[in-house]
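Worksheet: the structure to be examined is printed underneath.
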Amino acid sequence: MKPKVFEAPKLVPITRALTILPKLKELFMKNSFRLYILIMFLGIFILNGCSQAEVLTPVSTPYNAKSGAKLNSSNVSVSVSTPYNAEAILSQTIQLKPTSKKNIADKSRILLKHENSYLATNNRYEIELNESLSTYDDLLLKTFYPVKEESASGSQSCYRLDSEKHSIYSIDYDTATMRLKMRNNWGYDRDAESAYLCFNFDTASHTLTAAKRYTFNDGESTFEEDKNFSPSSVFYDSAHAYFKLNSSGSKISLYESGFDFSVPSDFNPVHSQGVPNQRVMWEKNRTESFSRHRLSGDKIQKDINSIYLPQVQVAGNNTETRAAAEKMLKQITSDLVGSGESLRYSPAVYLAFRNGLLNTKLKGSTTVNGVIEQNTVPYVFFTNEMDGSGVRHPFMVLTSYSITDMPSRLLDVPAPPGDGKGGSYPDQNVTRDAILQTYLIKIPLKNYGNVSSLTENEMVETLASDAGESHHDVYNHASISSIGVAVDGVMIYPVLNNMLISTQRKAEITNTGIHVGRGMGLHWHADGHGATGNGLNLYNLADYAGKSHPPLIGFGFDGIALFGKYETAYHDMDGVQDLLDSFGGHAHRNYGYHYHAHAAPSSVIGDSRDYTLHILMKGAWIGKINNIPEFWKGDAPNVAGQRNRYAGDR
Ligand SMILES: [Zn+2]
Ligand SMILES: [Zn+2]
Numbered sequence: 003m004k005p006k007v008f009e010a011p012k013l014v015p016i017t018r019a020l021t022i023l024p025k026l027k028e029l030f031m032k033n034s035f036r037l038y039i040l041i042m043f044l045g046i047f048i049l050n051g052c053s054q055a056e057v058l059t060p061v062s063t064p065y066n067a068k069s070g071a072k073l074n075s076s077n078v079s080v081s082v083s084t085p086y087n088a089e090a091i092l093s094q095t096i097q098l099k100p101t102s103k104k105n106i107a108d109k110s111r112i113l114l115k116h117e118n119s120y121l122a123t124n125n126r127y128e129i130e131l132n133e134s135l136s137t138y139d140d141l142l143l144k145t146f147y148p149v150k151e152e153s154a155s156g157s158q159s160c161y162r163l164d165s166e167k168h169s170i171y172s173i174d175y176d177t178a179t180m181r182l183k184m185r186n187n188w189g190y191d192r193d194a195e196s197a198y199l200c201f202n203f204d205t206a207s208h209t210l211t212a213a214k215r216y217t218f219n220d221g222e223s224t225f226e227e228d229k230n231f232s233p234s235s236v237f238y239d240s241a242h243a244y245f246k247l248n249s250s251g252s253k254i255s256l257y258e259s260g261f262d263f264s265v266p267s268d269f270n271p272v273h274s275q276g277v278p279n280q281r282v283m284w285e286k287n288r289t290e291s292f293s294r295h296r297l298s299g300d301k302i303q304k305d306i307n308s309i310y311l312p313q314v315q316v317a318g319n320n321t322e323t324r325a326a327a328e329k330m331l332k333q334i335t336s337d338l339v340g341s342g343e344s345l346r347y348s349p350a351v352y353l354a355f356r357n358g359l360l361n362t363k364l365k366g367s368t369t370v371n372g373v374i375e376q377n378t379v380p381y382v383f384f385t386n387e388m389d390g391s392g393v394r395h396p397f398m399v400l401t402s403y404s405i406t407d408m409p410s411r412l413l414d415v416p417a418p419p420g421d422g423k424g425g426s427y428p429d430q431n432v433t434r435d436a437i438l439q440t441y442l443i444k445i446p447l448k449n450y451g452n453v454s455s456l457t458e459n460e461m462v463e464t465l466a467s468d469a470g471e472s473h474h475d476v477y478n479h480a481s482i483s484s485i486g487v488a489v490d491g492v493m494i495y496p497v498l499n500n501m502l503i504s505t506q507r508k509a510e511i512t513n514t515g516i517h518v519g520r521g522m523g524l525h526w527h528a529d530g531h532g533a534t535g536n537g538l539n540l541y542n543l544a545d546y547a548g549k550s551h552p553p554l555i556g557f558g559f560d561g562i563a564l565f566g567k568y569e570t571a572y573h574d575m576d577g578v579q580d581l582l583d584s585f586g587g588h589a590h591r592n593y594g595y596h597y598h599a600h601a602a603p604s605s606v607i608g609d610s611r612d613y614t615l616h617i618l619m620k621g622a623w624i625g626k627i628n629n630i631p632e633f634w635k636g637d638a639p640n641v642a643g644q645r646n647r648y649a650g651d652r
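Going by my numbering, the first residue of the sequence shown is number 3, and it counts up by one from there.
Right, dumping it as structure tokens:
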């Protein structure tokens with residue numbers, strides 16, 4: 003295994019990920035199926051002890067966005083907490099030491115400094131001069147992403163400047179006042195007014211000049227050069243206190259923030275320079291406004307059985323819906339006990355996950371038809387339906403747009419999935435934008451047990467069978483679609499793609515481990531935290547402080563909880579000595595059996611290139627799915643929002 007290379011950013015403390023231990027585990031487990039069986043049975047044994055745990059109110063934390071729960075049973079304290087979400091992270095402080103930069107480079111990150119302050123966008127999409135650079139919010143509002151204008155090649159190259167925080171906006175100007183402003187060029191609201199300036203930087207005079215301008219052709223969904231525009235420089239008008247275009251420019255210096263936004267080598271082991279393919283215009287996909295979306299407004303309430311309505315009175319979290327959810331979970335627990343069955347985990351684990359999901363809100367304009375402050379998961383509710391034989395099958399149901407609250411810079415992806423149209427990959431357009439999805443996901447609450455062999459779970463289709471591979475393993479005996487859901491509501495997909503190649507090897511993902519496929523829906527494929535540790539991932543090092551176990555970051559559709567990886571900086575956490583089995587999970591004390599994100603050498607998937615896999619979930623489920631009703635819809639898990647009795651439909 004190659005040592006992980008990353009330049010330590012000058013930020014909050016960062017530690018190297020604990021990569022050695024999982025590697026030993028992998029190698030060990032490969033030869034030790036018996037031990038895995040032992041661990042599994044131990045897991046089931048511990049689970050039964052765990053379901054009796056008392057439910058306590060979530061522990062208060064420095065940020066209300068974070069939820070946590072403590073389980074106390076048999077004198078053992080177990081801590082379950084969800085990661086800080088974007089809302090919390092944006093106000094966290096970072097120590098940045100910006101360094102000067104000579105020139106603008108395509109798809110890099112720049113700060114534009116004037117005197118002692120920076121050119122910044124604000125949350126009203128205005129451009130201002132602002133000095134502060136102490137929080138993540140400051141960093142994202144002041145960082146701009148230069149994209150080289152392809153049509154300008156031949157003549158002198160110039161760069162569009164997109165906002166890092168509001169990435170569907172680029173710098174343009176107001177033609178009446180000449181004042182610089184942000185324009186929505188990549189979102190649902192783009193129109194005939196949409197336009198961007200194309201800049202170049204003069205290293206000798208330290209001036210930024212808008213060399214060209216491009217305007218949006220609403221009918222064709224393309225940008226065309228504005229022939230009426232004549233080059234002008236960026237000038238700070240101190241009388242008005244704003245930046246504007248002018249015949250002479252003010253002195254501006256280029257800086258690098260010191261925050262590492264780059265795609266790590268493990269996520270681009272083939273050193274792809276980035277494909278030149280055109281961006282798929284989202285208008286080609288069926289896209290509707292946020293307000294017309296099925297999960298917006300009160301459309302969901304109309305579909306739901308009235309006994310679940312108290313849990314979904316409002317989108318997001320509030321006291322009443324939380325009380326209704328707790329009440330339903332109590333009922334479910336006692337109904338299961340009555341039939342000699344049990345929940346897989348303590349109610350507190352599900353309530354912590356529910357709170358984490360419902361507290362996640364979109365903070366940046368990064369999604370085509372998303373809106374700031376919308377919930378990424380508007381509703382979570384617990385159902386308690388019976389099958390024809392009177393057996394109960396309770397679920398935690400979540401409605402999700404599958405969008406992340408963190409910046410998802412899809413333009414960074416070196417080789418994104420193609421649109422599948424127009425022959426071979428070089429001729430296809432590639433996906434660079436995320437649109438709202440519609441998911442109705444149900445996580446089984448009941449303990450259906452774990453499989454005792456890899457192929458015991460009956461799959462309609464697997465990555466292996468789909469690719470004509472007869473050898474099945476934990477990576478390819480997996481759904482051809484999603485396998486779980488993360489605490490931000492974004493779907494989790496297997497390590498391998500449908501060609502049985504890792505998305506890391508294909509350089510298909512961002513530095514956070516996310517991307518969009520043909521339907522422009524975001525999904526996680528890899529553990530960005532394990533790869534970069536950069537503070538803007540699904541979970542981050544800050545989530546470990548004061549905790550006794552890594553954060554709860556997701557659930558598999560098999561009902562198994564997913565936690566973050568073990569970190570060397572927190573070497574005495576619960577379960578750190580308990581090896582992960584071949585499915586990437588373990589059981590310790592009264593946590594019950596659960597998965598952990600972890601690292602493994604690329605050789606475990608038979609990849610001839612040497613890099614480290616940063617795994618969220620491998621692919622195969624250990625939780626037994628055969629008795630979970632309405633589990634499949636066609637050849638994929640039944641999560642796409644179809645009518646589904648166990649999800650509480652009328
Ligand atoms: Zn994918
Ligand atoms: Zn653990």
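Just so it is clear, CB atoms sit at the ideal spot from N, CA and C, and this is done for glycine as well. All values derive from a computational prediction rather than experimental measurement.
DSSP-derived helix/strand/coil call for Leu331: For the purposes of this step, residue 331 is taken as the residue at position 329 of the sequence shown. Helix.
Alpha-carbon to alpha-carbon, Met330 and Val272: Against the sequence shown, residue 272 aligns to sequence position 270. Against the sequence shown, residue 330 aligns to sequence position 328. Distance between the alpha carbons of Val272 and Met330: 50 Å.
Stretch pair the segment 472 to 485 + the segment 608 to 623: three plus CB contacts closer than 8 Å: yes
Leu412 (DSSP reduced to helix, strand or coil): The sequence position of residue 412 within the sequence shown is 410, counting from 1. It is helical.
Beta-ladder partner(s) of Thr123, from DSSP: In the sequence shown, residue 123 corresponds to position 121, counting from 1. DSSP, once it has assigned bridges, lists Ile129 as partnering Thr123.
C-alpha distance - Asn431 paired with Gln280, whole-angstrom precision: Within the sequence shown, numbered from 1, the residue matching residue 431 stands at position 429. Within the sequence shown, numbered from 1, the residue matching residue 280 stands at position 278. Cα to Cα, the separation comes out at about 5 Å.
Lys99 classed as buried or exposed, judged by whether at least 16 other C-beta atoms fall within 10 angstroms: As a position in the sequence shown, residue 99 is number 97, starting the count at 1. Exposed, by the Cβ-count rule.
Entirely enclosed alpha helix (DSSP H) segments - the segment 434 to 500, minimum 4 residues: 465 to 468
Inter-residue spacing [alpha-carbon to alpha-carbon] between Leu502 and Ser605: Position 500 of the sequence shown holds residue 502. Position 603 of the sequence shown holds residue 605. Approximately 13 Å between the Cα atoms of the pair.
Any non-hydrogen atom of ligand 2 closer than 7 Å to His551 Cβ: For the purposes of this step, residue 551 is taken as the residue at position 549 of the sequence shown. Answer for His551: yes, Cβ within range of ligand 2.
Residues near Pro5 in its chain [Cβ-Cβ closer than 8 Å; skip 5 each side]: To locate residue 5, count along the sequence shown from 1; it is residue 3. Per-residue confidence for Pro5 stands at a pLDDT of 34, beneath the threshold of 50, marking its modelled position as unreliable; no derived number is given.
Ligand 1 heavy atom lying under 7 Å from the CB of Asn1: No answer is possible for residue 1: the residues shown for the chain start at 3 and end at 652.
Burial state of His168 (16 or more Cβ within 10 Å): Position 166 of the sequence shown holds residue 168. With 16 or more Cβ atoms within 10 Å of its Cβ, His168 is classed as buried.
With 16 other Cβ atoms within 10 Å as the buried cut-off, status of His551: Position 549 of the sequence shown holds residue 551. The residue is buried, with at least 16 neighbouring Cβ atoms inside 10 Å.
beta-carbon Tyr495 near ligand 1 non-hydrogen atom, thresh 7 Å: Indexing the sequence shown from 1 puts residue 495 at position 493. At least one heavy atom of ligand 1 is nearer than 7 Å to the Cβ of Tyr495, so yes.
Residue environment, Gly643, which counts as buried when at least 16 other CB atoms sit within 10 Å: Against the sequence shown, residue 643 aligns to sequence position 641. With 16 or more other Cβ atoms within 10 Å, it is buried.
Whole-Å CB distance - Asn386 paired with Asp337, under 8 Å assumed: Within the sequence shown, the letter at position 384 stands for residue 386. Within the sequence shown, the letter at position 335 stands for residue 337. With 8 Å as the limit, Asn386 and Asp337 qualify as a contact, their Cβ atoms being about 6 Å apart.
Proximity below 8 Å, CB of Phe383 to CB of Tyr310: What you label residue 383 is simply residue 381 of the sequence shown in a count that begins at 1. What you label residue 310 is simply residue 308 of the sequence shown in a count that begins at 1. Going by C-beta atoms, Phe383 is nearer than 8 Å to Tyr310.
Secondary structure of Lys99, DSSP reduced to three states: Start at 1 with the first residue of the sequence shown, and residue 99 comes out as number 97. Three-state result, Lys99: coil.
Sub-8 Å separation of Ser402 and Tyr441 beta-carbons: Here residue 402 is taken as the residue at index 400 of the sequence shown, counted from 1. Here residue 441 is taken as the residue at index 439 of the sequence shown, counted from 1. Yes.
Paired residues, beta bridge with Asn202 - DSSP: Looking up residue 202 in the sequence shown gives position 200. DSSP output for Asn202 lists Thr211 as bridge partner(s).
Beta-carbon contacts of Ser293 that lie in its chain and below 8 Å, excluding the five residues immediately before and after: Sequence index remark: in the sequence shown, residue 293 carries index 291 (1-based). Gly299, listed in sequence order.
Sufficient close CB pairs (3 or more, under 8 Å) joining the segment 192 to 203 to the segment 161 to 176: yes
Closer than 7 Å: Tyr593 CB and nearest ligand 4 heavy atom: You won't find ligand 4 in this model; what it holds is ligand 1 and ligand 2.
Limits of the unbroken beta strand (DSSP E) element including Ile1: Limits of the chain in this structure are 3 at one end and 652 at the other, which puts residue 1 out of reach.
Contact under 8 Å by Cβ, Ile170 with Ser367: Here residue 170 corresponds to residue number 168 of the sequence shown, with the count starting at 1. Here residue 367 corresponds to residue number 365 of the sequence shown, with the count starting at 1. Contact flag set, yes.
Distance CB(Lys448)-CB(Glu343) smaller than 8 Å: Position 446 of the sequence shown holds residue 448. Position 341 of the sequence shown holds residue 343. If you check the CB distance, Lys448 and Glu343 come in under 8 Å.
Assigned exposure category for Ile374 - 16 Cβ within 10 Å defines buried: The sequence position of residue 374 within the sequence shown is 372, counting from 1. Exposed, since its Cβ has fewer than 16 Cβ neighbours within 10 Å.
Short Cβ contact (8 Å threshold) for Met619 with Leu564: What you label residue 619 is simply residue 617 of the sequence shown in a count that begins at 1. What you label residue 564 is simply residue 562 of the sequence shown in a count that begins at 1. Yes, they are a contact pair.
Per DSSP, the bridge partner or partners of Ala642: Along the sequence shown, one-based indexing puts residue 642 at 640. DSSP output for Ala642 lists Leu442 as bridge partner(s).
For Ser83, three-class secondary structure by DSSP: Locating residue 83 in the sequence shown gives position 81, where the first residue counts as 1. Strand at Ser83.
Other residues of its chain near Thr514: CB distance less than 6 Å, five sequence neighbours each side excluded: Position 512 of the sequence shown, counting from 1, holds the residue named residue 514. Only Gly530 and Asn539 meet the Cβ criterion.
Buried/exposed call for Asn105, threshold 16 Cβ in 10 Å: The residue given as residue 105 occupies position 103 in the sequence shown. Exposed, by the Cβ-count rule.
Neighbourhood of Tyr572 by C-beta, 6 Å cutoff - its chain only, sequence neighbours within 5 removed: Locating residue 572 in the sequence shown gives position 570, where the first residue counts as 1. The answer, listed in chain order, is Tyr546.
Continuous alpha helix (DSSP H) stretch holding His531: start and end: Here residue 531 refers to the residue found at position 529 of the sequence shown. Run containing His531: Gly530 to Thr534, per the alpha helix (DSSP H) assignment.
Selected residue, minimal CA-CA separation from Asp204, among Tyr244, Ile334 and Ile254: Taking the first residue of the sequence shown as 1, we reach residue 204 at position 202. The shortest Cα separation from Asp204 among Tyr244, Ile334 and Ile254 belongs to Ile254.
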